[in-house]
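In the UniProt record's numbering, the protein residues as written are 1 to 625.
Don't be surprised by glycine CBs; every beta carbon is placed ideally from N, CA and C.
Remember, predicted model here, so these are calculated numbers, not experimental data.
Worksheet: one structure, shown below.
As structure tokens, then:
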């Protein structure tokens, strides 16, 4: 009786603890989810409102009495594209003419067009609240939750004053009808998750002794040993002839994405089952989603593993339902067991990069490890250079082949080390991207160029990455810098072709935002053929920089010459300038001039330098001699 009562008591205590924990977990999840959702909404609204101000920046609110219907429609279309790109419902601008708040610009939705409810220029906003009106007197962004004829919204109002003293606000709306639904789903998910983990805990407690070791050392999806088992077996090895092969299944990630994890697991299981009988008594392990490991103890293990991997029947389908083939890449290492796994991973990565079936780790393979150390060293150099103002700007002259005059300077960054060595852009670009330092580098170079050129009439350009072009804080910084620059039309921002094609709609909006500031836009590294060039030309740009790989054989290949000439004509028809990089010889220079190219740059013209190139050596141009 005592035991029965005790067991019941402990069961009640456990159940009570579970209920209490469940309630606490649900409450915490509800609160944190609500906070995260509202914070995300606030950030989106602020970004949309500030971006709207950039589109309307200038003398837009100085000319309200003379505003044309066409200009209003153009601004509405730009704001609509902005709203769609950022993911808000509406973006607009307002002024206060007591007692009414009126619209000066507004986006619209598909439903607005369908229901003929488009906001017109200087339409009154009868639903304006006291908070809405008070925002015109505020110095900070104002948030409000309200409901009107268009729906139930979370709203932001950001106040500004135009150059003639007109006070206006830019606003953005986001519907919050789904917030409660999202929160309810979060509570339900939290409850189900807590219940699930409770029963899992009960099962683990009940079967802990019998299942613990197996669950820790076995891949549950394939039944093979996993990485835990591998590291345990390696630590126990006393053999001097250990050899390890990491095999990567190339298509597995795509197969999982297309058919699901179950099919992906069947594929890797089939591959492991293929190697299991021919490697016994050696062990096959599953290392990761698409990687497996074979460990061998035989002498000349590298040759042995290379042979069995090379014999894998890649021309035979690994599955017939669905019909799937796979290709393998493998890295093999032997020797010190403490470095065995890392060395094999380096060799496998090299095999994939060089498109080899098998790569053996050797002294040359240590280059990959050295690259990793080099990346870390460069990251430290970059941080030190930023902290101690050792970022320099180098200038590349761009010449008009018709006049042989420098028309523009391309501006790029250099890093000066503590010892005085100069790092070129290519040596630290990847580290900058991985370390998310692009915005900091862009700010530094832009400020240097603004100070260098603001009192001159020289034209210059600077590169912007996709991260730069979509960073609201950096765009605000650019806007402030341009306000102190007398001739923004002399500034060109360069966007990479790859970024533009991968994020076409977002970059199209960014280009329009940049153009609204009075600057020019160039798309660089264009090298993908006429189809890509034609697509890029549809954007609101001023210049295209053709990749230097396109002109390598222009001097001795008429087809290349005709290709460049055709692109030049397309550009001229669209009133877009064509710049070609990488000019290294007089023959190339003359051919590009004959092809109708507007600007050229390269070592034949002049190399990058920390000073402006004002005098060029005599450039011979047979076409215009």
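Check                                                                                                                                                              : Outcome
In this structure, what does DSSP give as the bridge partners for residue 524?                                                                                     : 496
From the DSSP output, which residues share a beta bridge with residue 403?                                                                                         : None, per the DSSP bridge assignment.
Mapping DSSP to helix, strand and coil, what is residue 435?                                                                                                       : coil
Does residue 174 come out as helix, strand or coil in the three-state DSSP assignment?                                                                             : strand
Return helix, strand or coil for residue 147, following the three-state DSSP convention.                                                                           : strand
Look up residue 19 in the DSSP assignment and say whether it is helix, strand or coil.                                                                             : helix
When we look at the beta-carbon of residue 422 and count the other beta-carbons within 10 Å, is it buried (16 or more) or exposed?                                 : exposed
In three-state DSSP terms, what is residue 395?                                                                                                                    : strand
Kindly indicate which three-state DSSP category residue 485 falls into: helix, strand or coil?                                                                     : coil
From what residue to what residue does the alpha helix (DSSP H) around residue 560 run?                                                                            : 558 to 573
Can you have a look at residue 420 and say buried or exposed, based on whether 16 or more other CB atoms are within 10 angstroms of its CB?                        : exposed
Let me know the secondary structure DSSP gives residue 106 once reduced to three states.                                                                           : strand
Specify the secondary structure class of residue 625 as computed by DSSP and reduced to three states.                                                              : Low confidence applies to residue 625: its pLDDT is 40, below 50, so where it sits in the model is not reliable, and the reading given next is rough at best. The answer is coil: DSSP assigns residue 625 none of H, G, I, E or B.
Could you tell me whether the stretch 119 to 128 touches the stretch 99 to 111, where touching means 3 or more Cβ pairs closer than 8 Å?                           : yes
Looking at the structure shown, is residue 97 part of a helix, part of a strand, or coil, going by DSSP?                                                           : strand
Need the endpoints of the alpha helix (DSSP H) that residue 235 sits in, please.                                                                                   : 227 to 236
Taking the C-alpha atoms as reference points, what is the distance between residue 560 and residue 612?                                                            : 32 Å
Would you grab the beta carbon distance between residue 456 and residue 601 for me? Rounded to a whole angstrom, and I think it's under 8 Å.                       : Actually they do not touch by this definition, with Cβ atoms about 19 Å apart.
Mapping DSSP to helix, strand and coil, what is residue 375?                                                                                                       : helix
Flag this pair as yes or no: are the beta carbons of residue 318 and residue 271 separated by less than 9 Å?                                                       : yes
Which partner residues does residue 408 have in the DSSP bridge list?                                                                                              : 398
So, helix, strand or coil for residue 243, using DSSP?                                                                                                             : strand
Straight-line CA distance for residue 64 to residue 123?                                                                                                           : 13 Å
Verify whether the separation of the beta carbon atoms of residue 506 and residue 470 is less than 9 Å.                                                            : yes
On a Cα-Cα basis, can you pick out the residue from 388, 259, 543 and 589 that is closest to residue 403?                                                          : 589
Using three-state DSSP, classify residue 36 as helix, strand or coil.                                                                                              : helix
Pull the bridge partners of residue 153 from the DSSP assignment, please.                                                                                          : 146 and 175
According to DSSP, is residue 264 helix, strand or coil?                                                                                                           : helix
Could you check if residue 53 is buried or exposed, using at least 16 other CB atoms within 10 Å of its CB as the buried criterion?                                : buried
Are the beta-carbon atoms of residue 452 and residue 486 separated by less than 9 Å?                                                                               : no
Should residue 13 be labelled buried (16 or more other beta-carbon atoms within 10 Å of its own) or exposed?                                                       : exposed
Measuring straight from C-alpha to C-alpha, what distance separates residue 518 and residue 489?                                                                   : 5 Å
Residue 67 lies in the beta strand (DSSP E); which residues open and close that run?                                                                               : Per DSSP, residue 67 belongs to no beta strand (DSSP E) and is neither H nor E.
Can you give me the Cβ contacts of residue 467 inside the same chain, cut-off strictly under 6 Å, excluding the 5 residues immediately before and after it?        : 438
Is the distance from the Cβ of residue 335 to the Cβ of residue 348 below 9 Å?                                                                                     : no
Going by beta carbon distance, what residues of the same chain come within less than 8 Å of residue 176, once the five residues before and after it are set aside? : 41, 145, 152, 153 and 154
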